[in-house]
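Only one structure is covered here, and it is reproduced in the block below.
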Amino acid sequence: MTFTSGTFLLFLPAVVLLAFRVPGRRRWIVLLAAGYLFYASLGIQYLLALLWVTGVVYVGGRLVAPSAPPTKREPGVSPAKKALLAVFVLLASAALLVLKYGGFIVSEIAELAGDLPVASDTGIYSLIAPVGLAFYTLKGAGYLIDVYRERTPCERHLGRLAVYVGFFPQLLSGPIERAGNFLPQLHRPAIFSSEAFRAGLGLMLLGYVKKLVVADQLAVLANTAFSEPQAFTGLPLVLATLAFTLQIYFDFSGYTDLAVGAGMLLGFKPVANFRRPYLARGLGDFWHRWHISLSTWFRDYLYFPLGGSRVGTLRHLANLNITFWASGLWHGAGLTFLAWGALHGLFLSVESLLAPFGVRLATRAFPEWVRRWSLAAGVLVTFVLVGLAWVLFRAESIGDAVYVYGHLLQGLELSAAAFSAALTALGLPSPLLGAVVLGVLVLLLADELREEHGGRPFVQLLPGKARLAVGYAAVAIVLVFGNFGANEFIYFQF
Amino acid sequence: MDSGRNIARVFALAIPVLVAIAAVNMSVDPAHLFRGPALEKEAAALLATGNNVGGVGACDDRLLQRYVAEARTEAPQTLVLGSSRTLCLSAKGLELPSLYNASVTEATLEDHEALLEIYAERDLLPKRLILGVDPWAFNADNGLDGWLSLEQFQKAFSSRAGRADNGRPSRDLFSSLGRMSQAFSPSYLQASLEELSHRASSKGDGRNQGEVWVAETEEGEEPIRHPDGSISYAKSFRERSSATARAEAIAYASKFEKSFRLFSLVRPEWMQRFEDLLAFCRDQDIEVVLLLCPYHPQTFAGFLESPGLRMGEDAESLTRRLAARYDFTIVGSYDPTIAGVGEDDFLDALHLRPEAANRLVSQGID
Numbered sequence: 001m002t003f004t005s006g007t008f009l010l011f012l013p014a015v016v017l018l019a020f021r022v023p024g025r026r027r028w029i030v031l032l033a034a035g036y037l038f039y040a041s042l043g044i045q046y047l048l049a050l051l052w053v054t055g056v057v058y059v060g061g062r063l064v065a066p067s068a069p070p071t072k073r074e075p076g077v078s079p080a081k082k083a084l085l086a087v088f089v090l091l092a093s094a095a096l097l098v099l100k101y102g103g104f105i106v107s108e109i110a111e112l113a114g115d116l117p118v119a120s121d122t123g124i125y126s127l128i129a130p131v132g133l134a135f136y137t138l139k140g141a142g143y144l145i146d147v148y149r150e151r152t153p154c155e156r157h158l159g160r161l162a163v164y165v166g167f168f169p170q171l172l173s174g175p176i177e178r179a180g181n182f183l184p185q186l187h188r189p190a191i192f193s194s195e196a197f198r199a200g201l202g203l204m205l206l207g208y209v210k211k212l213v214v215a216d217q218l219a220v221l222a223n224t225a226f227s228e229p230q231a232f233t234g235l236p237l238v239l240a241t242l243a244f245t246l247q248i249y250f251d252f253s254g255y256t257d258l259a260v261g262a263g264m265l266l267g268f269k270p271v272a273n274f275r276r277p278y279l280a281r282g283l284g285d286f287w288h289r290w291h292i293s294l295s296t297w298f299r300d301y302l303y304f305p306l307g308g309s310r311v312g313t314l315r316h317l318a319n320l321n322i323t324f325w326a327s328g329l330w331h332g333a334g335l336t337f338l339a340w341g342a343l344h345g346l347f348l349s350v351e352s353l354l355a356p357f358g359v360r361l362a363t364r365a366f367p368e369w370v371r372r373w374s375l376a377a378g379v380l381v382t383f384v385l386v387g388l389a390w391v392l393f394r395a396e397s398i399g400d401a402v403y404v405y406g407h408l409l410q411g412l413e414l415s416a417a418a419f420s421a422a423l424t425a426l427g428l429p430s431p432l433l434g435a436v437v438l439g440v441l442v443l444l445l446a447d448e449l450r451e452e453h454g455g456r457p458f459v460q461l462l463p464g465k466a467r468l469a470v471g472y473a474a475v476a477i478v479l480v481f482g483n484f485g486a487n488e489f490i491y492f493q494f
Numbered sequence: 495m496d497s498g499r500n501i502a503r504v505f506a507l508a509i510p511v512l513v514a515i516a517a518v519n520m521s522v523d524p525a526h527l528f529r530g531p532a533l534e535k536e537a538a539a540l541l542a543t544g545n546n547v548g549g550v551g552a553c554d555d556r557l558l559q560r561y562v563a564e565a566r567t568e569a570p571q572t573l574v575l576g577s578s579r580t581l582c583l584s585a586k587g588l589e590l591p592s593l594y595n596a597s598v599t600e601a602t603l604e605d606h607e608a609l610l611e612i613y614a615e616r617d618l619l620p621k622r623l624i625l626g627v628d629p630w631a632f633n634a635d636n637g638l639d640g641w642l643s644l645e646q647f648q649k650a651f652s653s654r655a656g657r658a659d660n661g662r663p664s665r666d667l668f669s670s671l672g673r674m675s676q677a678f679s680p681s682y683l684q685a686s687l688e689e690l691s692h693r694a695s696s697k698g699d700g701r702n703q704g705e706v707w708v709a710e711t712e713e714g715e716e717p718i719r720h721p722d723g724s725i726s727y728a729k730s731f732r733e734r735s736s737a738t739a740r741a742e743a744i745a746y747a748s749k750f751e752k753s754f755r756l757f758s759l760v761r762p763e764w765m766q767r768f769e770d771l772l773a774f775c776r777d778q779d780i781e782v783v784l785l786l787c788p789y790h791p792q793t794f795a796g797f798l799e800s801p802g803l804r805m806g807e808d809a810e811s812l813t814r815r816l817a818a819r820y821d822f823t824i825v826g827s828y829d830p831t832i833a834g835v836g837e838d839d840f841l842d843a844l845h846l847r848p849e850a851a852n853r854l855v856s857q858g859i860d
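Chains as they are written, first to last, in my numbering: chain A, 1 to 494; chain B, 495 to 860.
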């Protein structure tokens, strides 16, 4: 069962009805049962990893929590608690390290060791790595650190903590919500708000349009080219790169809309995860807008503890690069993901070194139109750089990525005939492309309007009947143009 | 109003959508899931008693072949399995009186397996098999699922071949539940809408009537199925000019062929499937003639210019390799030049005129 399966469309209303029907203090039981049922439907063995992380985080939270209020204890950090924190963060991450990175590490060692008798069957690790493990591991580790830092109180109710770790809308691909936001909502009685409920439904519909109508059709272009890039040069590779750049946004932000929307149906407040990322004016700005719950996680739990930017230039650059290498590896156990993270680290290092010159230029009295155009150029350059970096993310090997980079401009012909031929070769008929382009534009406009209205879907601003009509129209669009093949959400693999 | 009722009221907004989906799916029913097989049984009975039959376009041609086989009392000397590209091969054209053509549209390897299984189970296997090999049959992602009408036979064949996908036939309860769930399936809705659009564009050819009839003549305005299983095309199709065929071939080459989608190479398990099929025929002492039906020269040229469409090349080399290994005859080629056919031999991008198809196959028959 995933968000795009028919079973989920029966499962969700049943859970929502139950969650509001049971007394508030028992709501956690419904949510926990729903989360475990949802996860078990993907593979009952996956529950083992979820139970492990939940158990470790629960015990660890109790142990690292301050034993007395600040006023009644001696100031300073307790070395014993700090050591316990390190042990429990490591234990919580153990399943992720073994199941996700075990195969990668063993195969790399085997390659380095040459003929040495190192275990060669690394496939077993990837076979049993549960979907969503990387997400709920970060949630658990973040909770432990927050409890240790006293930013969130220790949750003493095992069931409620288990709901936080295994909350089904966020279980597979986030958002990586902080315990400090989630747990207080779980403690309060659920209050039904029809406005929030309708907003949640609207958000879910938007998510389905993004995923099934736009992302999955763009996937056709990207999949064809990236499955065998050596068969193409020039325009098809450019189109495939552009297609993947858009696909990953609509796929993942579509997933987020579905997750947040489902959470809203259950009475939880929305969490921001994307803010028009492709309108970013620089790489730093991009990371404030893309997968916000992940980038803030790495910022708060890795970058800041390393010293962040409040250190010397070299140390700051090292902190940036370490954070992005870690982010790359978190996305996948492979050299392509590591290279993707490293490339973003490099981009941000350069941007950070050039930033003082930019400030100096900006303070000079340039005409308004120059400033405006320079901002637009910044958006374009950022989009191109991010898109080029996605090649590493999507390519099946470093060799494939290098080939794509080397052949993007080779024989590049920009004519209607070349465009049509490239689309044919990539497997998307021109009329369908028209529908997809229209969908992309409408959805980008919807994002824009949502941003302008404080994160509320613009449909919410319409009168009741118009809202209903737009809702039914969106359903019809999904039903007629949606791709109901078995394309998983891209972020499930992480 | 309490929250429960409020929530139920909002979810109730989905009811009209579900009703609409079910209404379209059950009334159009492109895969014939919701009506019984009465039409196919009637058509099979008419064919078995030596009649030319019209209106078979409304039938599920897999089920039709099943009932034809079940009505047979003796094995055909020659059996043809293939897609619409081999449907025109006839007993008369090949001068083989005991030939039966069991080709089905958009055939895949699963169809061939299921049909062979039906004939094997009834002890009706032929002495000779003419097997049309289409390139899309090697694409695991071809999206063609007509064979599901014969799923139980396909699974039985897999079981016979000792393959991992050798599940037992689905239990009736589960297959009924699965069928009912299709009433609300978005994918099935899309197939229904496609079917509706197809019916609208081919209005008047008898498909809308949902009935079959005995055709008085061998050829008429509409397609006719003959007792030997071969088909006579509709008049408008069989009498089209080479220029029209050429225009269609060029248009076909420029658009993406759906069943070629996502193909990158023949997967080893698909090669194994095909080899299992050939090994089965060899073990049953069936003489196999492998037929590679050519594409229209314009279409083939278009394919050569599309780097993403190397399926034909892969499928042909694989088929030739296996034919040599099993010492089976092979005729034709996807390349029309190698197959020795020209533009005048085609009715469209991928269908030969019956006389050209029969001539091509005759080369492989003693």
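All C-beta atoms, glycine included, are put in the ideal place defined by N, C-alpha and C. Quantities reported herein were computed from a predicted structural model and do not represent experimental measurements.
Any non-hydrogen atom of the ligand FMN within 6 Å of residue i CB
i, result
"residue 788(B)", "The ligand FMN is absent from the structure shown, which contains no ligand whatsoever."
Simplified DSSP state of residue i, which is helix, strand or coil
i, result
"residue 145(A)", "helix"
"residue 823(B)", "strand"
"residue 197(A)", "helix"
"residue 290(A)", "coil"
"residue 309(A)", "coil"
"residue 467(A)", "helix"
"residue 761(B)", "coil"
Of the listed residues the options, nearest to residue i (C-alpha basis)
i, options, result
"residue 791(B)", "636(B), 569(B), 742(B) and 497(B)", "742(B)"
"residue 483(A)", "855(B), 715(B) and 682(B)", "682(B)"
"residue 49(A)", "172(A), 66(A) and 260(A)", "172(A)"
"residue 524(B)", "589(B), 561(B) and 679(B)", "679(B)"
"residue 723(B)", "530(B), 575(B) and 510(B)", "575(B)"
"residue 234(A)", "51(A), 11(A), 405(A) and 54(A)", "405(A)"
"residue 228(A)", "402(A), 9(A), 260(A) and 25(A)", "402(A)"
"residue 593(B)", "570(B), 602(B) and 603(B)", "570(B)"
CB contact below 7 Å: residue i versus chain B
i, result
"residue 229(A)", "no"
"residue 17(A)", "yes"
"residue 462(A)", "no"
"residue 467(A)", "no"
"residue 475(A)", "yes"
"residue 479(A)", "yes"
"residue 168(A)", "no"
"residue 13(A)", "yes"
"residue 194(A)", "yes"
"residue 299(A)", "no"
"residue 21(A)", "yes"
"residue 226(A)", "no"
"residue 419(A)", "no"
"residue 3(A)", "no"
Nonlocal neighbours in the same chain, by C-beta distance under 7 Å from residue i, ignoring five residues either side
i, result
"residue 481(A)", "213 and 435"
"residue 462(A)", "470"
"residue 117(A)", "Since pLDDT at residue 117(A) reaches only 45, below the 50 mark, its modelled position is unreliable, and the value read off the structure follows with that caveat. Cβ within range, chain order: n/a, list empty."
"residue 343(A)", "389 and 392"
Cut-off 8 Å between Cβ atoms - residues of its own chain near residue i, not counting five sequence neighbours on either side
i, result
"residue 82(A)", "148"
"residue 288(A)", "275, 280 and 295"
"residue 210(A)", "250, 251, 253, 254, 257 and 443"
Own chain, CB closer than 6 Å to residue i, minus 5 neighbours either side, in chain order
i, result
"residue 849(B)", "none"
"residue 820(B)", "772 and 776"
"residue 321(A)", "345"
"residue 497(A)", "The structure shown does not extend to residue 497(A), since chain A is modelled only from 1 through 494, so no value can be given for it."
Neighbour flag for residue i against chain A, beta carbons, 7 Å
i, result
"residue 798(B)", "no"
"residue 500(B)", "yes"
**Message:** In chain order, what are the residue ranges of uninterrupted alpha helix (DSSP H) at least 4 long that sit wholly in the stretch 671-738 of chain B?
**Reply:** If we require 4 residues or more, the alpha helix (DSSP H) runs fully inside the stretch 671-738 of chain B come out as 680-695 and 729-732.
**Prompt:** Going along the stretch 84-108 of chain A in order, which residues come within less than 8 Å of chain E, judged by CB to CB distance?
**Reply:** Going by chain labels, chain E is absent from the structure shown, which instead holds the protein chains A and B.
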